[in-house]
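Enquirer: If you read the protein sequences in the order shown, they are chains A and B. So the first sequence is numbered by numbering that gives the first Met the number 0: it starts at 0 and just counts up by one. So the second sequence is numbered by numbering that gives the first Met the number 0: it starts at 0 and just counts up by one. I have a structure here, written as structure tokens, and I will follow up with some questions on it.
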Amino acid sequence: MPTKAEKDAVTGQQIRGHAWDGIHELDTPLPKWWLYVLYATILWSAVYVVLYPSIPGLDGYVRGTLGYSSRTELADRVAEAQAAQAGFRERIAAADMAAIAADPELAGFAAAGGRAAFANNCATCHGQGGAGRPGGYPVLADDDWIWGGTPDAILHTVRVGIRSDHPDTRISDMPRFGADALLTAQQIDEVTQAVLALSNRADDPAQAARGAAVFAENCAVCHGETGQGNPELGAPDLADAIWLYGGDADAIRASIALPHAGMMPAWEGRLDPVTLKMVAHYVHGLGGGQ
Amino acid sequence: MTYVEDSPVAVEAALSTKAQKRQPLYAGRVQVYPKKVSGTFRRIKWIALVVLLGIYYAAPWLRWDRGPGVPGQAFLIDMANRRAYFLWLEIWPQEIYFLMGLLILAAFGLFLATSLFGRVWCGYACPQTVWTDLFMWVERLVEGDRNARMRLDQGPLTWAKAWRKGAKHGIWLLIAALTGGAWIMYFVDAPTLVRDALAGDLTAKVLFFFGLFTATTYLLAGWAREQVCTYMCPWPRFQSAMFDEDTLIVTYQRWRGEPRGKHKRGQAWEGRGHCVDCNQCVAVCPTGIDIRDGSQLECIGCGLCVDACAGVMDKVGLPRGLITFDTEANQRARAAGRPLRYRLLRPRTVIYAALLLVAAGAMAAGLATRSAVDVTVQHERNPLFVKLSDGSIRNDYTVKVSNKRHEVRGFALGLPALPGARLWAEGAAGEPTGFIAIQAQPGTVTAFRIHVVLPATAVPGPGSHPVAFVLTDLATGEIATHDSVFVSPDR
């Protein structure tokens, strides 16, 4: 027998049957507008489940009749970006470093692309912005270049690396004056002072004078008469203020006795030719390019 | 209803509990059929409508020549290029605070007007009121005056009713479309937009906003009408904060009108009030309220009931002013027979006026002292400094010059406070010098990578040193500066 629904006096709504300690609950119906919006969303989801990827399985998922996938969307966007860049990349591939620098459009593109590639590949050793790291990672932002700072020289260094496995890799062969006993300890001390004297920092001028002869015999052939360096051989400038492994007497003595042999990977083959040019352009533009 | 002295709101007798139980909590919408009225305030309302709508529709078509390559519309907010144009002013996004200033001015102006004259904004100037008034005029034109409309709505669906309703809604949609289009014209060049629309070449964005504003105009002015004022708008809710007892509001002179009742020609006026209960004040009210109940939230202060009652008073040979703009203080004074006082200058209004003047002055000063060039300097973070082969220290900066003129301008950039400093711009030829010349592109921000080198002897000690970059216009001598630092290695 259906019971007559009791209605609340004040609001006119039905009252649910149960009472909690004499307190009744109103059975107010859901607002119509809300209800219809809910139905609309149910309808929407039914359509959505059919059209778009929806139900996951153990080994895959229901793909949906529209064939949408966020991965293909990403791939499309990447392809779009690459297509947009294609013109620039072709032009850079065809141009040499001087031509890239001369064209403002290419130069801007190359600088931006070079910065991105540098951050991904080079910054781990050379630091962000080419700031260098202690322990023999050269500062690329300054104007001191071991192997030459022209855009072509930089490009070549990036391509072949230093002491890498590339057949044309750059190798600087500094003799191990101390480890191979080519010079006596005293000679090494003297030539250290001579090297310091090149930048007017000698502690002992007398030793420096004696060391000058040692320098002329052993060092000048690579480092030059006045220690100005030789980028073709990778011999650093000994007369300037920049020292890769330290510029005090102990560091110089250690370098002469047992030269550091720093390594840089060869990037040809790891990065495409266009990226290599862009990186070289960027490094040259850090402020110290020649 | 009983009349209680000194109370502006009539107090209703308490309902019996049985009667209370029958009162539903939900009040359905009662359709309002405002009647046509003529009089002073109706005329003022028409003038306000024509002027405001005229400004709204015509302003986008005003032209202002700013030179080639720059939009030639007097009022334009160019979202794509992030510029706002108001006559001779060109506002960049960095100056968005002018918009804030404008809103503050509008707010204080509104507060001042409301505290002086009541809800004049609501009754005469608010877009909702203006467009609803326009739509109601169209409705009266097509369907007839109040009684005709009520008969039409209550009657069956005939051909006459159908074509009238259709015509009305058609005209409403047309006005709404023009309104939506005009809105878009403030953001897109007007002639271009019309040309594109006629060619069928509108972007999805334009179509969306056009549709949106057409829909909202049509729905709010045609369908929602007074419901916006009563339920949606926050202004009436804090009108109690804007009003005080010296604010001019639409008032029913209860002391004169009560007790009310029907009046036959020739009857005496002793022992009764002047209100003849004609209900014309209710009939003409756009929000459908009875002003005789007192000051209430729904009253938008349009004063049409004043005009209606004045007309009736003229007919029965009584002085006007039974419903009029008056202050509550004066209401009580009239009832008690005390002298009247109109206090326009009171702390509230003076403070609002002062704040308005201060805000306006600040805006004017800001606009007058705008410079046509701005420079920002960002110090390179990696590396902070570079030691060069001759021992000197180099710091790198990104200098951005905002050139607000529409011509290429040459500037000299230097650091006069750092003696011995030499600069060069990345990519520029030539030796570093104390001051370098750079060219800023017109109407945009140009970025330069600047290198500053100091010889080892001129470095002012280890660490970071504040320096100022000075940018000088080579043609006019205008100067802009920005502070930065020069970092040298900690020994």
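Built from N, CA and C at the ideal position, the CB exists for glycine as well.
When Cβ atoms are compared, which residues of the segment 231 to 254 of chain A fall closer than 7 Å to chain B?
Expert: So the close ones are ASP236, ASP239, ALA240, ILE241.
Enquirer: Assess contact between the segment 67 to 87 of chain B and the segment 101 to 110 of chain B, defined as three or more Cβ pairs (one per stretch) separated by less than 8 Å. Is contact present?
Expert: Cβ pair count under 8 Å is below three, so no.
Enquirer: Report the residue ranges of all beta strand (DSSP E) runs contained in full by the segment 356 to 433 of chain B; include only those spanning at least 3 residues, in chain order.
Expert: With a minimum length of 3 residues, the continuous beta strand (DSSP E) runs that stay inside the segment 356 to 433 of chain B are 372 to 378, 392 to 402, 408 to 413, 421 to 424.
Enquirer: Starting from ALA279 of chain A, find everything on chain B with Cβ-Cβ shorter than 9 Å and list it in chain order.
Expert: Neighbours of ALA279 of chain A on chain B: none; closest Cβ ~16 Å, over 9 Å.
Enquirer: Count the other CB atoms within 10 Å of the CB of VAL283 of chain B; is the residue buried (16 or more) or exposed (fewer)?
Expert: VAL283 of chain B is buried by the Cβ-count criterion.
Enquirer: Residues in the same chain with beta-carbon distance under 6 Å from ILE170 of chain A, minus the five sequence neighbours each way, listed in chain order, please.
Expert: Only ARG162 meet the Cβ criterion.
Enquirer: Could you please give me the residues that DSSP links to ASN329 of chain B through a beta bridge?
Expert: In DSSP, ASN329 of chain B forms no bridge with anything.
Enquirer: Can you name, in chain order, every residue of its own chain whose Cβ lies under 8 Å from the Cβ of SER114 of chain B, other than the five neighbours on each side?
Expert: MET241, PHE242, ASP243, THR246, ARG347, THR348, TYR351, listed in sequence order.
Enquirer: DSSP beta-bridge partners for ILE41 of chain A?
Expert: DSSP output for ILE41 of chain A lists no bridge partner at all.
Enquirer: When the Cα atoms are used, what is the spatial distance from ILE174 of chain B to ALA45 of chain A?
Expert: Cα to Cα, the separation comes out at about 39 Å.
Enquirer: Express the C-alpha separation of LEU453 of chain B and LEU237 of chain A in angstroms, rounding to a whole number.
Expert: So the two alpha carbons sit approximately 22 Å from each other.
Enquirer: In three-state DSSP terms, what is GLU89 of chain B?
Expert: Reduced to three states, the DSSP call for GLU89 of chain B is strand.
Enquirer: Provide the residue span of the beta strand (DSSP E) that contains ALA18 of chain A, from first to last.
Expert: Counting along the chain, the beta strand (DSSP E) containing ALA18 of chain A begins and ends at 14 to 19.
Enquirer: What whole-angstrom Cβ distance do TRP60 of chain B and GLY71 of chain B have, given they're in contact under 8 Å?
Expert: Not confirmed; about 11 Å, so no contact.
Enquirer: Just the Cα atoms here: how many angstroms apart are ILE22 of chain A and TYR25 of chain B?
Expert: Distance between the alpha carbons of ILE22 of chain A and TYR25 of chain B is about 24 Å.
Enquirer: Output, in chain order, the set of chain B residues within a Cβ distance shorter than 7 Å of ARG143 of chain A.
Expert: First, the residue type needs correcting, since residue 143 of chain A is Asp and not Arg in the sequence shown. Ordered by position in chain B, the residues that pass the 7 Å Cβ test against ASP143 of chain A are SER388.
Enquirer: Under three-state DSSP, which class holds ARG236 of chain B?
Expert: Three-state DSSP puts ARG236 of chain B in a helix.
Enquirer: Please decide whether GLY16 of chain A counts as near chain B, where near means a Cβ-Cβ distance under 8 Å.
Expert: Closer than 8 Å: no.
Enquirer: Should ASP374 of chain A go down as buried or exposed, given a rule of 16 or more other Cβ atoms within 10 Å for buried?
Expert: Nothing can be reported for residue 374 of chain A, as the shown portion of chain A is limited to 0 through 289.
Enquirer: To be precise: take each residue of the segment 439 to 450 of chain B, compare its Cβ to all Cβ atoms of chain A, and keep it if any distance is under 7 Å. Which residues remain?
Expert: Going along the segment 439 to 450 of chain B in chain order, one finds HIS450 with a Cβ nearer than 7 Å to chain A.
Enquirer: Less than 8 Å between the CB atoms is what I'm expecting for HIS125 of chain A and LEU139 of chain A, so what's the real figure, rounded?
Expert: Right, the Cβ-Cβ distance comes to about 5 Å (below 8 Å), so this counts as a contact.
Enquirer: In this structure, how does DSSP classify GLN30 of chain B when only helix, strand and coil are distinguished?
Expert: GLN30 of chain B falls in the coil class under three-state DSSP.
Enquirer: Once the 5 residues before and after ILE99 of chain A are set aside, which same chain residues still bring their CB inside 7 Å of it?
Expert: Counting only Cβ-Cβ distances below 7 Å, and skipping sequence neighbours, we find ILE91, LEU105, ALA106, ALA109, LYS276, HIS280.
Enquirer: Grab the span of the beta strand (DSSP E) containing THR445 of chain B for me, first residue to last.
Expert: THR445 of chain B -> beta strand (DSSP E) spans 444 to 453.
Enquirer: If I measure Cβ to Cβ from ARG139 of chain B and keep anything under 7 Å in the same chain, skipping five residues before and after, which residues do I get?
Expert: These residues qualify, in order along the chain: LYS35.
Enquirer: Chain B beta carbons: is any one of them nearer than 8 Å to that of GLY128 of chain A?
Expert: Cβ-Cβ to chain B under 8 Å: yes for GLY128 of chain A.
Enquirer: Measure the Cβ-Cβ separation of PHE186 of chain B and MET78 of chain B and say whether it is below 8 Å.
Expert: Yes, the pair counts as a contact, with Cβ atoms nearer than the cut-off.
Enquirer: Quick check for students: name the residue ranges of the alpha helix (DSSP H) that lie wholly in the segment 40 to 107 of chain A, counting only runs of 4 or more.
Expert: Fully enclosed alpha helix (DSSP H) runs of 4 or longer: 69 to 93, 96 to 101.
Enquirer: When DSSP labels each residue in this structure, what does PRO465 of chain B get in the three-state scheme?
Expert: In this structure, PRO465 of chain B counts as strand in the three-state DSSP scheme.
Enquirer: Between PRO492 of chain B and chain A, is any beta-carbon pair separated by less than 8 Å?
Expert: As shown, chain B starts at 0 and ends at 490. That puts residue 492 of chain B outside it, with no answer to give.
Enquirer: So is HIS283 of chain A buried or exposed if we call it buried at 16+ other beta carbons inside 10 Å?
Expert: So HIS283 of chain A ends up on the buried side.
Enquirer: From the DSSP output, in three-state form, read off MET0 of chain A for me.
Expert: With a pLDDT of only 44 at MET0 of chain A, under 50, the local geometry of the prediction cannot be trusted, and the value read off the model is given with reservation. Of the three classes helix, strand and coil, the one that applies to MET0 of chain A here is coil, per DSSP.
Enquirer: With a cut-off of 8 Å, does the C-beta of VAL385 of chain B fall near any C-beta of chain A?
Expert: Judged by the 8 Å Cβ criterion, VAL385 of chain B is in contact with chain A.
Enquirer: Under 8 Å, with one C-beta from each stretch per pair, do the segment 133 to 152 of chain A and the segment 377 to 390 of chain B reach the 3-pair mark?
Expert: Result yes; three or more Cβ-Cβ pairs closer than 8 Å.
Enquirer: Going along the chain, which residues of its own chain have a beta-carbon closer than 6 Å to the beta-carbon of MET0 of chain A, five neighbours each way excluded?
Expert: Low confidence applies here, because MET0 of chain A scores a pLDDT of 44, under 50, leaving its location unreliable and the question unanswered by this model.
Enquirer: Alpha carbon to alpha carbon, what distance is there between ARG224 of chain B and GLN30 of chain B?
Expert: Near 10 Å, if we compare the C-alpha coordinates of ARG224 of chain B and GLN30 of chain B.
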